[in-house]
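The block underneath contains the structure these notes are about, expressed in structure tokens.
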Amino acid sequence: RAKIARLLCNYLKSQNDFLPEKIKGDQDLINLSQALQKIHFPENYDDVKQARKRLAFDELFLIQLLTTIKKRDWQTKRKAPAMTINKDLILKVVDSLPFKLTEAQKRAAREILIDLKRDIPANRLLEGDVGSGKTVVAAIAAYVSYLNGFDVLVAAPTEILAFQHQKTLEDTLKPYGVQIGIWTGSKKIKGHITCGTHALLTTFNPDRQAGLVIVDEQHRFGVAQRAKLFLDHAQKTTPHLLTMTATPIPRTLALTLYGDLDLSVLDEMPKGRQKIATYVVPNKKRKDAYRFIEKQIGEGRQAFIITPFVEPSETMISVKAATAEFEKLKKIFSSMADTPGVKLGLLHGRLKSKEKERIINDFKANKIQVLVTTPVVEVGIDVPNATVMMIESAERFGLAQLHQLRGRVGRGVHKSYCLLFTESGSPNSFRRLKSMEKVHVGFELAEIDLKMRGPGEIFGLKQSGFVNLKIADLSDQITISKAQVEAKKLLHEDPDLKSYPLLSQKLEEISSAYSQPN
1 RAKIARLLCN YLKSQNDFLP EKIKGDQDLI NLSQALQKIH FPENYDDVKQ ARKRLAFDEL
61 FLIQLLTTIK KRDWQTKRKA PAMTINKDLI LKVVDSLPFK LTEAQKRAAR EILIDLKRDI
121 PANRLLEGDV GSGKTVVAAI AAYVSYLNGF DVLVAAPTEI LAFQHQKTLE DTLKPYGVQI
181 GIWTGSKKIK GHITCGTHAL LTTFNPDRQA GLVIVDEQHR FGVAQRAKLF LDHAQKTTPH
241 LLTMTATPIP RTLALTLYGD LDLSVLDEMP KGRQKIATYV VPNKKRKDAY RFIEKQIGEG
301 RQAFIITPFV EPSETMISVK AATAEFEKLK KIFSSMADTP GVKLGLLHGR LKSKEKERII
361 NDFKANKIQV LVTTPVVEVG IDVPNATVMM IESAERFGLA QLHQLRGRVG RGVHKSYCLL
421 FTESGSPNSF RRLKSMEKVH VGFELAEIDL KMRGPGEIFG LKQSGFVNLK IADLSDQITI
481 SKAQVEAKKL LHEDPDLKSY PLLSQKLEEI SSAYSQPN
């Protein structure tokens with residue numbers, strides 16, 4: 001304790017208070033040195049409260065300043081191609097769809113088309129639950145870009161998702177003369193719209209000027225990778241940027257995480273999407289679960305079994321765990337009386353592209369009845385005949401990710417099920433998983449997870465270039481709003497912060513930790 005006191009004393013001597021006096025007065029905040037003293041050596045609970053209030057405000061205020069500056073710089077320092085909108089041709093595509101657009105899809109499409117008409121580069125996040133129809137909205141935007149003579153790049157984090165996007169876009173736009181290309185490690189075909197993986201960022205140059213870049217599941221691309229999409233393609237103008245995510249991000253978190261983006265939310269599901277019956281299953285009922293899957297297969301259906309989530313990335317540890325589970329399950333299902341001929345397939349991120357494609361196509365054609373897979377399946381596989389999603393060690397996943405995995409079933413006419421198994425004896429873990437039984441809206445689940453696990457656990461924010469908050473609570477809407485108001489007010493009065501050199505210096509220090517392409 002004495003050592004901490006000595007270190008703190010030396011540290012305080014080197015620290016200047018960067019927060020403007022007026023903001024401290026308006027928000028009733030103590031000085032920085034007082035806050036640091038009180039957080040380490042509080043004399044009472046009020047000391048802790050005052051210190052936390054000041055330090056939490058600092059963290060959120062600095063983020064709001066950074067994102068507001070980034071948004072301003074993005075809009076003032078770059079020019080995008082201003083596009084004309086041919087309503088008749090767009091309506092022709094919309095009317096030919098085998099379903100009606102939801103009101104949320106129409107609203108999001110309108111917001112994006114308004115963006116495309118301006119010569120300020122769009123920087124919009126399209127957020128929607130699994131199955132809410134984001135790709136169709138993106139297809140409308142891509143078609144507008146094509147009609148204006150510009151190419152479109154669609155970047156996805158996995159080959160599975162890149163091929164899925166290619167198929168959806170072909171189904172929607174090929175009848176109108178739009179060529180859809182694919183650009184991955186294994187396949188390279190250019191089109192008016194080219195879907196691809198990281199290979200798009202390193203080896204692809206469009207034939208025509210790119211007018212629109214669409215990045216799916218953008219938090220899975222590193223900051224540097226996202227920047228490459230803009231910096232490596234030498235062209236006169238900056239393409240418009242539309243990012244999409246099925247990861248349900250609570251609005252408070254979206255405002256803080258992506259304050260430099262405009263936000264469109266698909267908060268409505270297309271008609272006919274069913275609720276998936278979800279159960280947290282005790283381990284003693286595991287045999288019953290296998291028998292239930294056997295019964296579903298007997299009725300002609302299919303199942304996913306997700307192996308334990310060992311590592312955030314597809315390391316060899318994850319692959320070994322998946323392979324061991326696969327061998328175990330082969331024995332279990334081959335010994336069952338009703339399904340002796342059942343075929344199992346194994347899918348993980350370390351397989352070669354052609355092998356992955358073969359397994360997915362076999363599963364789609366019902367040549368494989370049970371697909372044993374790591375969480376690589378989370379995005380991009382659409383098999384309407386699959387009715388069971390069984391997830392091992394479910395406590396290792398965030399609720400948002402479990403919800404996305406659950407969204408791989410329930411895509412056809414048959415009743416679908418999600419079975420969650422847990423190794424954890426923690427009452428907290430069990431309570432968290434039980435919320436999956438009652439809650440079927442991704443945004444609500446994300447709010448629950450935000451409260452119970454914190455944002456870092458859910459979104460892997462360190463990897464996505466997000467500042468590691470130490471004090472602030474990202475579900476604290478009141479402080480976020482206050483920080484936002486003060487940041488905008490200050491930048492309105494002093495756009496370059498010339499009167500606040502200490503604040504400018506502080507922003508410089510943290511801007512490398514929180515960066516997106518400028």
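According to the working numbering, the sequence shown holds residues 1 to 518 in order. Glycine included, C-beta positions come from ideal geometry on N, C-alpha and C.
Give a yes or no on whether the C-beta atoms belonging to residue i and residue j are separated by under 9 Å.
| i | j | result |
| --- | --- | --- |
| Thr422 | Leu433 | yes |
| Tyr417 | Tyr279 | yes |
| Ile276 | Val370 | no |
| Ala82 | Lys117 | yes |
| Gly196 | Ile180 | no |
| Val213 | Leu153 | yes |
| Arg208 | Asp151 | yes |
| Asp115 | His192 | no |
| Leu65 | Leu469 | no |
| Phe304 | Val388 | yes |
| Thr102 | Leu266 | yes |
| Leu62 | Leu507 | yes |
| Phe18 | Gln477 | no |
| Leu346 | Ile360 | no |
| Pro375 | Thr237 | no |
| Ile140 | Ile90 | yes |
| Ile189 | Lys356 | no |
| Asp449 | Ala400 | yes |
| Pro206 | Phe443 | no |
| Ala246 | Glu217 | yes |
| Leu253 | Ala446 | yes |
| Lys320 | Lys343 | no |
| Arg54 | Asn86 | no |
| Leu503 | Pro20 | yes |
| Leu173 | Ala142 | yes |
| Lys187 | Ser424 | no |
Between which two residues does the alpha helix (DSSP H) containing residue i stretch?
| i | result |
| --- | --- |
| Gln166 | Glu159 to Leu173 |
| Asp574 | Missing from the structure shown is residue 574; the chain here goes from 1 to 518 and no further. |
| Gly181 | That residue, Gly181, is in no alpha helix (DSSP H); its beta strand (DSSP E) goes Ile180 to Trp183. |
| Asp449 | Gly442 to Arg453 |
| Leu474 | That residue, Leu474, is in no alpha helix (DSSP H); it is neither H nor E in DSSP. |
Short of 6 Å in beta carbon distance, which residues of its chain neighbour residue i, apart from the five on each side in sequence? Order them along the chain.
| i | result |
| --- | --- |
| Lys498 | none |
| Thr168 | Thr135 |
| Leu420 | Val280, Ile391, Ala394 and Leu433 |
| Ala51 | Ala35, Lys38 and Ile39 |
In the structure shown, what three-state DSSP assignment does residue i receive?
| i | result |
| --- | --- |
| His414 | coil |
| Tyr279 | strand |
| Glu217 | coil |
| Asp288 | helix |
| Leu351 | coil |
| Gly211 | strand |
| Lys134 | helix |
| Lys498 | coil |
| Leu242 | strand |
| Asp129 | coil |
| Leu7 | helix |
| Ile90 | helix |
| Ile297 | helix |
| Ile114 | helix |
| Ile193 | strand |
| Asn428 | helix |
| Asp362 | helix |
| Met436 | helix |
| Ile391 | strand |
| Ile458 | With a pLDDT of 49 at Ile458, under the threshold of 50, the modelled position of this residue cannot be trusted, and the question is left open. |
| Asp262 | strand |
| Phe61 | helix |
Check for me: the beta strand (DSSP E) holding residue i runs from which residue to which?
| i | result |
| --- | --- |
| Ile305 | Gln302 to Ile306 |
| Leu344 | Leu344 to Leu347 |
| Glu486 | Not the beta strand (DSSP E): Glu486 falls in the alpha helix (DSSP H), residues Gln477 to Glu493. |
| Thr373 | Val370 to Thr373 |
| Ala155 | Asp151 to Ala155 |
| Thr237 | Unbroken run through Thr237: none, as it is neither H nor E. |
Indicate, with yes or no, if the ligand ZN has a heavy atom lying under 8 Å from the CB of residue i.
| i | result |
| --- | --- |
| Asp129 | Ligands are entirely absent from the displayed structure, and the ligand ZN is therefore not among its contents. |
Going by beta carbon distance, what residues of the same chain come within less than 8 Å of residue i, once the five residues before and after it are set aside?
| i | result |
| --- | --- |
| Gln27 | Phe57, Lys482 and Glu486 |
| Glu59 | Val467, Leu469, Lys470, Ile471 and Ala472 |
| Ser511 | Leu66 |
Excluding the five sequence neighbours on either side, which residues of its own chain have a C-beta within less than 7 Å of the C-beta of residue i, listed in chain order?
| i | result |
| --- | --- |
| Gly149 | Arg208 |
| Glu509 | none |
| Pro501 | none |
Please check if any C-beta of chain B sits within less than 9 Å of the C-beta of residue i.
| i | result |
| --- | --- |
| Ala139 | Annotation note: the requested chain B is absent from the structure, which comprises a single protein chain. |
Legend entry - Contained alpha helix (DSSP H) runs [length at least 4] in the region 13-50, N- to C-terminal order: Segments of the alpha helix (DSSP H) lying fully in the region 13-50: 21-26 and 32-40.
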